[in-house]
Amino acid sequence: MSPLPTDSAVLPAGFSDTLSPDLSWQHMDCIDSTNTFLLDDRQPPNQLCSAEHQTQGRGRRGQTWADSGDSALFSISGAFPPGLDLSAWPIQVAITLADSLNRLIAHAKADKTPQPGVKIKWPNDLYCNHHGQWGKCGGILVESRIGRQGKIVTGIGLNSAPLRGITIDSDYPITHLPTLLQRCVADKKQLIVILTNRLWQAWQVFIQQPNVKVKHYQTLDYLYGKSLSATDTYNQCVTHGIGAGINAHGHLLLQTPTGTVALSSQQRIRLNPDSINK
11 MSPLPTDSAV LPAGFSDTLS PDLSWQHMDC IDSTNTFLLD DRQPPNQLCS
61 AEHQTQGRGR RGQTWADSGD SALFSISGAF PPGLDLSAWP IQVAITLADS
111 LNRLIAHAKA DKTPQPGVKI KWPNDLYCNH HGQWGKCGGI LVESRIGRQG
161 KIVTGIGLNS APLRGITIDS DYPITHLPTL LQRCVADKKQ LIVILTNRLW
211 QAWQVFIQQP NVKVKHYQTL DYLYGKSLSA TDTYNQCVTH GIGAGINAHG
261 HLLLQTPTGT VALSSQQRIR LNPDSINK
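Just so it is clear: in the sequence shown, position 277 is 287 by the working numbering, and no numbers are missing.
Given below as structure tokens:
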């Protein structure tokens with residue numbers, strides 16, 4: 011996201027580009043992985059780590075995160091009490107990011123009744139609509155360490171500009187955040203701080219109420235009503251059905267001929283060809 015003339019002080023209500031005093035911030039020119047850095051036992055919780063480049067950025071199941079230098083790359087660490095159920099946190103992260111980006115986009119357009127330009131592809135991808143074509147613009151990776159006090163690290167990668175000079179072997183289209191965001195967000199560092207504050211606020215609520223708002227998720231659900239195939243990564247069993255939202259634990263609901271089934275994140279979800287870009 012290249013700097014453009016903008017009144018960056020004018021942000022939607024409830025948004026701030028001054029980092030929460032609860033967090034310390036380290037920004038690196040180059041790092042192996044912001045998640046790996048914060049997961050290190052020598053690093054205390056309540057930190058933001060961001061980078062211009064990652065050499066070993068990763069997603070779920072060890073997949074590589076492609077980085078051309080035009081991505082907003084950051085991770086946030088926090089502490090959690092013993093016994094806290096974290097299973098729905100990745101979904102809450104996705105909801106918070108999609109909501110925040112949609113509000114920023116609407117603010118930039120001065121649109122009072124916006125349609126979501128960013129949606130969630132369960133469980134951890136953000137999809138963006140460019141001229142009617144949907145593609146992946148971001149990903150989420152949540153990891154944790156259990157000790158005397160648990161530490162959770164939430165990693166975010168957002169394509170803030172078109173990927174340059176990178177060939178990606180992917181079964182889904184890749185895109186980037188709308189350039190009109192530059193009307194209210196000057197650069198990717200400012201975007202990182204804004205989104206970190208929103209996520210930190212969401213985390214404070216989540217540790218008291220570790221669940222998600224199912225009905226609200228449906229408004230952001232890219233998979234809802236689409237024909238899907240779910241492959242169990244352990245036994246390779248494939249289930250076919252129609253996306254039917256999530257439950258309170260963040261599990262994907264799939265409507266099949268024999269009823270509704272709840273799927274955990276060990277499932278690999280694919281859109282059937284007739285559902286892509288619908």
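Just so it is clear, CB atoms sit at the ideal spot from N, CA and C, and this is done for glycine as well. Predicted model only: the values in this text are computed from it and were never measured.
- Among the bridge pairs identified by DSSP, H140 is matched with Q143.
- The Cβ atoms of S87 and Q57 lie closer than 9 angstroms to each other.
- As the crow flies, the alpha-carbon of K129 is around 14 angstroms from that of I184.
- Judged by DSSP secondary structure, S110 falls within the alpha helix (DSSP H) whose first and last residues are 99-119.
- If the five residues before and after T249 are omitted, its C-beta is found closer than 6 angstroms to the C-beta atoms of A240, all from its own chain and listed in chain order.
- Taking the Cβ atoms as the reference, T65 lies roughly 16 angstroms from D50, outside the contact range of under 8 angstroms.
- Residue burial annotation: L190 is exposed, with fewer than 16 other C-beta atoms found within 10 angstroms of its C-beta.
- For L94, there is no enclosing beta strand (DSSP E), as DSSP gives it neither H nor E.
- Per DSSP, the continuous beta strand (DSSP E) segment holding N169 begins and ends at 160-169.
- Here L33 really is in contact with T206; their C-beta atoms are around 7 angstroms apart, less than 8 angstroms.
- In the DSSP assignment, A272 falls within the unbroken beta strand (DSSP E) covering 269-273.
- Only residues of its own chain outside the window of five on either side were considered, and among them Q276, Q277 have a CB closer than 7 angstroms to the CB of D242, listed in chain order.
- Nearest to W132 by alpha-carbon distance, out of V195, H140, K146, is K146.
- For K129, the uninterrupted beta strand (DSSP E) segment begins and ends at 128-131.
- Partner residues in a beta bridge of S26, as assigned by DSSP, do not exist.
- The C-beta separation of V222 from G260 comes to about 6 angstroms, placing the pair in contact by the 8 angstroms criterion.
- Excluding residues up to 5 positions away in sequence, A61 lie with their Cβ nearer than 6 angstroms to the Cβ of M38 in the same chain.
- Counting along the chain, the unbroken alpha helix (DSSP H) around T44 starts and ends at 44-49.
- The three-state reading of DSSP puts Q66 in coil, since its state is none of H, G, I, E or B.
- In the three-state DSSP reduction, A212 falls in the helix class (H, G or I).
- In terms of CA proximity to A108, L136 leads the group K119, S85, L136.
- L21 places its beta carbon less than 9 angstroms from that of H117.
- T44 places its beta carbon less than 9 angstroms from that of S85.
- For the pair G127 and I150, the CB atoms are not nearer than the 9 angstroms cut-off.
- Assignment of Q53 by DSSP, reduced to helix, strand and coil, places it in the coil class.
- DSSP places V152 within a strand segment (E or B) once states are collapsed to three.
- I256 is positioned such that its CB atom lies closer than 9 angstroms to that of I101.
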